[in-house]
Amino acid sequence: MVKVICDTSFLIHLATKRIKNIDRLDVEIGQITFVVPQVVKNELSELAKKPDKKQDVELTQEYIKNFQIVPISGTFADKELLDYVSKNRIIVATMDKNLKKQIKSNGSSVMSFSNDKIVLET
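Sequence positions in the sequence shown follow the numbering used here and run 20 to 141.
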């Protein structure tokens, strides 16, 4: 079982959009478990205070309520994820182009979306 660390943008997309291959991920990519860093959970709580984001964020918080929370904390999620990736080769799920580039340059893989499907980028 491979743990995939999710950032905020990925989780919101996962929770609010229809993902075509979500039921076949274990066949296409292998057995994975999405995990949520504490810093991302905190970021979602802050986003929930913004009226234009509130509905999507509440759906996301409900969607991830049974996900494992990993103790990666700090104030800025992208920085904390990059620090973690530099010490641990792990897959990070994100839609942020700049973050993807930095993760790949550290030798880790990225999970993202393409045409409403989850894809693994190396």
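Every residue gets a Cβ at the ideal spot worked out from N, C-alpha and C, and that includes glycine. Predicted model only: the values in this text are computed from it and were never measured.
If you draw a straight line from the Cα of N40 to the Cα of S105, it is about 29 Å long. DSSP places I109 outside any beta strand (DSSP E), giving it a letter other than H or E. When secondary structure is reduced to three states using DSSP, Q50 falls in the coil class, being assigned neither helix nor strand. When the alpha-carbon of K120 is set against those of S133, D135, E140, N134, the nearest one is in E140. Where K116 is concerned, the enclosing alpha helix (DSSP H) starts and stops at 116-124.
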